[in-house]
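First up is the structure itself, then whatever we jot down about it.
Protein chains in written order, with my numbering: chain B, -4 to 124; chain V, 186 to 395.
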């Protein structure tokens, strides 16, 4: 019943922020950010379960460990970058949010480089010299 | 068939993982990156049997070439050469057998003659040849012996020679020659009887002691 807890926290915080925004907009923003972090951490355990299942599948499929780790890291980077971008966007800093997103994409590309090099090397090896 | 099920299982699991990752991803801008990587992985999984085949193929072709080379060199001049080789081998084996028999015959003869007649065999030569039954046959026996200086004992065994021996001490040349002749005859007769050869094939010569 985590969904009810999460939705409850969300609704309560929304009301609070609406009330607080009139008096102290900075505190309202802080409250929203922390609530976001709490929800994120609460759901991290659930993501771990999903990842465990995926890991099991990957070991059964004889996927290279390097590949699997890289993909997981890509997913993690995507999550973190998304969260940061949303928070900054909430604070009204759309440009910074887009920069965070750009950084996330770049780092994902860097993470993908080993996999791509391995695959390209294999393909080049197969081609007749 | 096991590899096919393995292969299919791998592909199916990879596709499932890819869809899961798609679902997990928080926003769609990151979708493309993960999709690219997962797509490459799935392509690798699909092509893995072909990779293995190519690797094995190259190995097998190398092997086949090596085998062909190895066989070609030997098989090119096969039958006539092999026959020739067998002929030469047979011939050399025959000659070796002949030589061996000759040698052993010579040795046996030398031993027997030396012990029986108390002479020193200087040279013994046995010539053999292959008869029609492919068995060695004695063609000629040559033996040169020499009287020993101290061979009283040996001569005492031989009754007919004993009186002759006494004559030697008196050193008369014709009697010596006669004695040598009788000894030659005896040795020749002995050889003829023991080896069963024609008398014309046996030549025995007795030399004077030096």
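The C-beta atom is built at its ideal place from N, Cα and C for all residues, glycine as well.
As the structure is a computational prediction, the values presented were derived from the model and not from experiment.
Query	Result
Using a threshold of 8 Å, state whether the C-beta atoms of residue 8/B and residue 30/B are closer than that.	yes
Kindly say whether residue 77/B, judged by its beta-carbon, lies nearer than 8 Å to any beta-carbon of chain V.	yes
Find the residues of chain V that neighbour residue 121/B, judging by a C-beta separation of less than 7 Å, and give them in chain order.	236 and 239
Quick one: measure Cβ to Cβ for residue 215/V and residue 103/B, integer angstroms, because I've assumed they're closer than 8 Å.	6 Å
In chain B, what lies closer than 8 Å to residue 214/V by C-beta?	96 and 100
Using a threshold of 8 Å, state whether the C-beta atoms of residue 327/V and residue 314/V are closer than that.	no
Can you look up residue 321/V in the DSSP assignment and give me helix, strand or coil?	strand
Expressed to the nearest angstrom, what Euclidean distance is found between the alpha-carbon atoms of residue 299/V and residue 272/V?	40 Å
Would you mind giving the Cβ-Cβ distance between residue 330/V and residue 362/V, rounded to the nearest angstrom? I have them listed as a contact below 8 Å.	About 15 Å; that fails the 8 Å criterion.
Excluding the 5 residues preceding and the 5 following residue 77/B in the sequence, name in chain order all residues of the same chain whose CB lies nearer than 7 Å to its CB.	none
For a contact meaning CB atoms closer than 8 Å, what does residue 62/B contact in chain V?	222 and 226
CA-CA distance, residue 364/V and residue 390/V?	12 Å
Let me see if you follow: with CB-CB separation under 8 Å, is residue 86/B close to chain V or not?	no
Considering just the uninterrupted stretch of the alpha helix (DSSP H) at residue 298/V, what are its terminal residues?	263 to 302
Whose CA, out of 381/V, 332/V and 367/V, lies closest to the CA of residue 393/V?	332/V
What is the DSSP secondary structure of residue 328/V, reduced to helix, strand or coil?	strand
At the level of alpha carbons, what is the spacing between residue 373/V and residue 270/V?	42 Å
Excluding the 5 residues preceding and the 5 following residue 368/V in the sequence, name in chain order all residues of the same chain whose CB lies nearer than 6 Å to its CB.	391
Report the three-state DSSP secondary structure of residue 309/V (helix, strand or coil).	strand
Given 8 Å as the limit, is there contact between the stretch 40 to 55 of chain B and the stretch 199 to 218 of chain V, that is, 3 or more CB pairs closer than that?	yes
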